[in-house]
Amino acid sequence: MARNVGYLFAACTAAITLAGGSYAWAQEPATVDPGAAGDVLARPAPGVDELMKRLETLEDRNRELETRVTDLNRQQGEEWLGEQRAGQIRDIVRDVLADSDQRTSLQGSGMTAGWNDGFFMASADGRFRMNLGGFIQNRFTSSTIRTGAYNGPPANTGQQAVYDRKETRYGFNVPDLQVWADGHVFSRDFQYMVKARFYEQVTTNINKGDSSGNSAAIAGGPDFSQPELLDAWIRINLDDNWSVRTGQYRSPFSRGFLVLEQYQMSSARSVVDFHYALGYTQGIELEYTNDEFRSRTSIDSGAQDNMLGDVNAVYGGLGYKIWPTGSFGSQNAQWWEQNAAYSVTHRFDWKPAGSWDQFRSYTSPSMETFGFLAGLGLHYQSSRGYQANEGTPNIENPESQWFSATIDAQANFGGASVYGAVFYNYVNAPAALTPTFGDSQPGGSNPVQADMGTLNMIAAQLQGSLYIMPKAELFGRYEFAYLDGGASALNQLNPEISNPDPLNLLTIGVNYYLDGQDLKWTTDLGWAITAVSPLFSDVNAGWRPSRSDEIVFRTQLQLIF
Numbered sequence: 027m028a029r030n031v032g033y034l035f036a037a038c039t040a041a042i043t044l045a046g047g048s049y050a051w052a053q054e055p056a057t058v059d060p061g062a063a064g065d066v067l068a069r070p071a072p073g074v075d076e077l078m079k080r081l082e083t084l085e086d087r088n089r090e091l092e093t094r095v096t097d098l099n100r101q102q103g104e105e106w107l108g109e110q111r112a113g114q115i116r117d118i119v120r121d122v123l124a125d126s127d128q129r130t131s132l133q134g135s136g137m138t139a140g141w142n143d144g145f146f147m148a149s150a151d152g153r154f155r156m157n158l159g160g161f162i163q164n165r166f167t168s169s170t171i172r173t174g175a176y177n178g179p180p181a182n183t184g185q186q187a188v189y190d191r192k193e194t195r196y197g198f199n200v201p202d203l204q205v206w207a208d209g210h211v212f213s214r215d216f217q218y219m220v221k222a223r224f225y226e227q228v229t230t231n232i233n234k235g236d237s238s239g240n241s242a243a244i245a246g247g248p249d250f251s252q253p254e255l256l257d258a259w260i261r262i263n264l265d266d267n268w269s270v271r272t273g274q275y276r277s278p279f280s281r282g283f284l285v286l287e288q289y290q291m292s293s294a295r296s297v298v299d300f301h302y303a304l305g306y307t308q309g310i311e312l313e314y315t316n317d318e319f320r321s322r323t324s325i326d327s328g329a330q331d332n333m334l335g336d337v338n339a340v341y342g343g344l345g346y347k348i349w350p351t352g353s354f355g356s357q358n359a360q361w362w363e364q365n366a367a368y369s370v371t372h373r374f375d376w377k378p379a380g381s382w383d384q385f386r387s388y389t390s391p392s393m394e395t396f397g398f399l400a401g402l403g404l405h406y407q408s409s410r411g412y413q414a415n416e417g418t419p420n421i422e423n424p425e426s427q428w429f430s431a432t433i434d435a436q437a438n439f440g441g442a443s444v445y446g447a448v449f450y451n452y453v454n455a456p457a458a459l460t461p462t463f464g465d466s467q468p469g470g471s472n473p474v475q476a477d478m479g480t481l482n483m484i485a486a487q488l489q490g491s492l493y494i495m496p497k498a499e500l501f502g503r504y505e506f507a508y509l510d511g512g513a514s515a516l517n518q519l520n521p522e523i524s525n526p527d528p529l530n531l532l533t534i535g536v537n538y539y540l541d542g543q544d545l546k547w548t549t550d551l552g553w554a555i556t557a558v559s560p561l562f563s564d565v566n567a568g569w570r571p572s573r574s575d576e577i578v579f580r581t582q583l584q585l586i587f
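So for the sequence shown, the working numbering puts the first residue at 27; every next one is plus one.
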């Protein structure tokens, strides 16, 4: 049907054309060349087939013209529609930006936020920035010892009177959960950090015993502590090398403690670092750093005395605690409760190869360049036990002197690493026993202090790691600690803790880095070759006070956010 209509349209067009031509020809003057007229009249009239061909040609040309007209109309419409949409989008963007400027709290300067190896918020000009982060550690621990005899005080037979008599203890826990905020204000020269943690603390209760010499050292019950403030400091960068920091911070002494908890090699920090790394302090620190050297000096209110570890707990009914230095440290302490008359800590680091960022942890991933770091830490303080009623007649409160030193070094080989550290502590401890704040000050047969004489403590650790796959790392560590001196005083306080065996720990394990340190699975197995004295125990890490060798298995999943 469409084809017939086309034929009809073409035929009509041809007829009109021919008729118009004839009419025009008829209106012209009759000045015809006779010869030419003869030629025209002599031409034969076109046949039907030729007329049909002409009609088909006209139809094809007409169809082509219609197609061109349609394409031109479509192109003009799309161009107009695209310009209209672009204008609408520009209007929307302007409205969103205007609303953002109105909502910002930085007076129109704008704000950025997002993720860059951690969540952050910052002003558009970079003058203000806050980084938010934290980590969670979920751990399963199993500790196995050989049971010992029951020899507790006859008057209190309900107490477990050996270090720990239960052969195997195991279970899940959250050993550490930390959250923090850090960044800078006004410019990158004014930095800050606030960090807190939630954790489970277990103490070791000790009893003074009875007149017959029976005594007890007990792995006590759990103490579910309140949130604990860790870091709270302000740093001012004086120039590209010098800076000053004040507040509460990690003592610049042992690298074992300066390496953060989430970057440790094994599931928990080493037992040696737990006892001798000095912990947190409050004071002011001066730091100098360049590409090869770093020097930090802290003048503070005293280091954390954890030399006798978990034995620092209430014993008897008098509420006393044992600190060889007579000081429990200045972490989270009030100014009037701090015990150090003066305290100075210094650390010097030398890095002839590698970058400082390489040594934030103990691991050395494959393809990493070679790096070497060596450090020396020194600490000296004079302190005495706090007394609420200082100056009581017949009650003396002499000062204790504490000197501590450490040397450590680490080499990163790109796929393997080696780390080692040695510690030495010297304490002249005439006032090693300090009452809990608020207790009365007993005299006579119950002196406020116990003269422990001179203590010498030596400790060391050696650690190595090797990548066996791009994300899997084997590691091993040996730890040693020895206490010399103070035997008579310890025997007076509790015979069970006098003359302790040296600490000998061997740990092997594997790290699997699912996403670097941010998502890490650690499994390790530790063996205490000798008995673990309460003076060397670390119950939170799985090492219970025991009379025998000990096996500790731990597996842990860590997530940094």
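Glycine residues also receive a C-beta, built at the ideal position from the N, C-alpha and C atoms.
- Within a 10 Å sphere around the beta-carbon of residue 276 sit 16 or more other beta-carbons, which makes this residue buried.
- Under the criterion of beta carbons closer than 8 angstroms, residue 389 and residue 495 do not qualify as touching, at roughly 13 angstroms.
- For residue 299, the enclosing alpha helix (DSSP H) starts and ends at 297 to 302.
- Annotated three-state conformation of residue 382 is helix, per DSSP.
- If you check the CB distance, residue 298 and residue 506 come in under 9 angstroms.
- For residue 501, the enclosing beta strand (DSSP E) starts and ends at 498 to 510.
- The residue from 206, 308, 168 with its alpha-carbon nearest to that of residue 363 is 308.
- Residue state for residue 95 is assigned as helix, using DSSP reduced to three classes.
- The three-state secondary structure of residue 352, taken from DSSP, is coil.
- DSSP, read as helix, strand or coil, puts residue 283 in helix.
- Between residue 547 and residue 532, the CB-CB gap reaches or exceeds 9 angstroms.
- As the crow flies, the alpha-carbon of residue 322 is around 15 angstroms from that of residue 329.
- Residue 147 and residue 487 have their C-alpha atoms some 41 angstroms from each other.
- By a beta-carbon distance limit of 8 angstroms, residue 409 contacts residue 351. Their separation comes to about 5 angstroms.
- A straight line joining the alpha-carbon of residue 205 with that of residue 431 spans about 31 angstroms.
- Distance check between residue 497 and each of 489, 526, 538, 476 places 538 closest, using alpha-carbon atoms only.
- Secondary structure at residue 271: strand, using DSSP grouped into helix, strand and coil.
- Considering only 434, 427, 438, the residue with the shortest C-alpha distance to residue 397 is 438.
- Taking all protein chains in view, the Cβ of residue 141 is surrounded by fewer than 16 other Cβ atoms within 10 Å, so the residue is classified as exposed.
- For residue 192, there is no enclosing beta strand (DSSP E), since its DSSP letter is neither H nor E.
- Straight-line spacing of the CA atoms in residue 491 and residue 371 works out to 30 angstroms.
- For residue 141, the enclosing beta strand (DSSP E) has its first and last residue at 137 to 141.
- In this structure, residue 456 places its C-beta atom within 9 angstroms of the C-beta atom of residue 424.
- Taking residue 167 as the centre and dropping the five residues before and after it, the same chain places the C-beta of 568, 580 closer than 6 angstroms to its C-beta, in chain order.
- Counting only the Cα atoms, residue 305 lies some 21 angstroms from residue 399.
- Taking the C-beta atoms as reference points, residue 385 is found no nearer than 9 angstroms to residue 319.
- Taking each of 88, 367, 214, 81 in turn and checking the Cα distance to residue 155, the smallest one comes out for 214.
- Per DSSP, residue 211 has no beta bridge partner at all.
- In this structure, residue 366 lies near residue 327, with their beta-carbon atoms less than 9 angstroms apart.
- Counting other Cβ atoms within 10 Å of its Cβ, residue 383 stays below 16 and is therefore classed as exposed.
- DSSP, read as helix, strand or coil, puts residue 318 in coil.
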